[in-house]
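Under my numbering, think of the first position of the sequence shown as 71, with each following residue one higher.
Below: the structure, in structure tokens.
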Amino acid sequence: MNWLAEGFGVLALVINFIGYRQNNADSYRIVSALALACLSVHFFMLGAMAAGIVLAIGVVRNFVALRWQGPVVLWVFVLANLAFMLWEWFWLQHEWPLFVAYASSLIFTVGSIRLNNATLIRKWFILAEILGLIYAVLVGSVSGLLFNIVNLSSISAKLWQDGRALRKQMDTKETTQKPRPPQQ
71 MNWLAEGFGV LALVINFIGY RQNNADSYRI VSALALACLS VHFFMLGAMA
121 AGIVLAIGVV RNFVALRWQG PVVLWVFVLA NLAFMLWEWF WLQHEWPLFV
171 AYASSLIFTV GSIRLNNATL IRKWFILAEI LGLIYAVLVG SVSGLLFNIV
221 NLSSISAKLW QDGRALRKQM DTKETTQKPR PPQQ
């Protein structure tokens with residue numbers, strides 16, 4: 071086991087945990103970028119180039135999103151992902167797991183730049199995290215595996231919490247409405 075690489079992975083996990091507690095989107099983007107940078111180093115040290123690249127793209131994406139969002143930014147990052155994926159596949163001749171990493175990255179890219187509904191973003195990010203989990207297993211990343219499990223747990227808990235609050239709100243609304251008198 072590469073202890074230095076796993077150390078960067080654990081550091082990413084801790085920083086990302088702090089990121090989830092930020093109160094505004096820009097603070098989250100900054101802290102998340104630091105976590106992604108640590109995780110990128112982790113994967114590069116393991117020789118998992120696809121994850122290293124997509125996470126580095128994510129770092130840049132988070133900092134760019136502090137200032138700019140919109141279709142041009144989206145397409146720049148989608149094209150960057152596709153260009154690096156094709157470069158790895160055709161020129162470097164890396165193996166098929168790279169497609170798992172890039173699929174996850176594309177979901178995160180589109181979700182973080184184009185979607186505005188937090189619940190919808192979380193639902194799409196579950197798929198991206200599952201793909202990240204699969205990739206971590208394929209390349210033997212213990213920290214990557216833990217990172218994705220923690221993120222999946224956090225997203226799932228938040229979706230459950232939001233759903234529960236919505237059901238409670240609807241139940242309260244139904245019980246506070248007075249019945250209408252029968253019409254004649």
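Glycine included, each C-beta is placed from N, C-alpha and C at the ideal position.
Keep in mind it's a predicted model, so treat the numbers as computed, not measured.
Subject >> Simplified DSSP state of W166, which is helix, strand or coil >> reply: Residue state, collapsed to three classes: coil.
Original post:
With burial defined as no fewer than 16 other Cβ atoms inside 10 Å of the residue's Cβ, what is the status of M240: buried or exposed?
Top reply: The residue is exposed, with fewer than 16 neighbouring Cβ atoms inside 10 Å.
**OP:** Report buried or exposed for V209, applying the criterion of at least 16 other Cβ atoms within 10 angstroms of its Cβ.
**Re:** V209 is buried by the Cβ-count criterion.
**OP:** Measure how close the beta-carbons of G122 and S211 come, nearest whole angstrom, since I'm counting them as under 8 Å.
**Re:** At roughly 11 Å, the Cβ-Cβ gap does not stay under 8 Å, so G122 and S211 are not in contact.
Original post:
Thinking C-alpha only, which one of L83, V134, Y90 is nearest S110?
Top reply: Closest by alpha carbon: L83.
Original post:
Is W145 helix, strand or coil by DSSP?
Top reply: Note: W145 maps to helix in three-state DSSP.
Subject >> Option nearest G202 by Cα separation, candidates S102, Q231, F113, L229 >> reply: Per the Cα distances, F113.
Subject >> Where the alpha helix (DSSP H) containing A206 begins and where it ends >> reply: First-last of the alpha helix (DSSP H) with A206: 188-209.
Original post:
Given a threshold of 16 other Cβ atoms within 10 Å of its Cβ, counted over all protein chains shown, does A105 qualify as buried or as exposed?
Top reply: A105 should be labelled buried.
Original post:
Among residues of its own chain, excluding the 5 on either side of T189, which ones have a beta-carbon nearer than 8 Å to its beta-carbon?
Top reply: Excluding positions up to five away in sequence, the list reads L229, D232.
Original post:
For S224 versus Y98, is the C-beta distance shorter than 9 Å?
Top reply: The answer is no: Cβ separation not under 9 Å.
Original post:
Can we say the region 171-189 touches the region 151-160, given the rule of at least three CB pairs closer than 8 Å?
Top reply: With the cut-off at 8 Å, the region 171-189 and the region 151-160 touch.
Original post:
Mapping DSSP to helix, strand and coil, what is Y172?
Top reply: Of the three classes helix, strand and coil, the one that applies to Y172 here is helix, per DSSP.
Subject >> Pair within 9 Å by beta-carbon distance, L222 and I196 >> reply: Yes. Within cutoff.
Original post:
Quick one: what's got a C-beta closer than 8 Å to A135's C-beta in the same chain, skipping five residues either side?
Top reply: Same-chain partners within the cutoff: R99, V143, S182, I183.
Subject >> Rounded Cβ spacing between F178 and A198 (contact assumed at less than 8 Å) >> reply: So it is a contact: roughly 5 Å between Cβ atoms.
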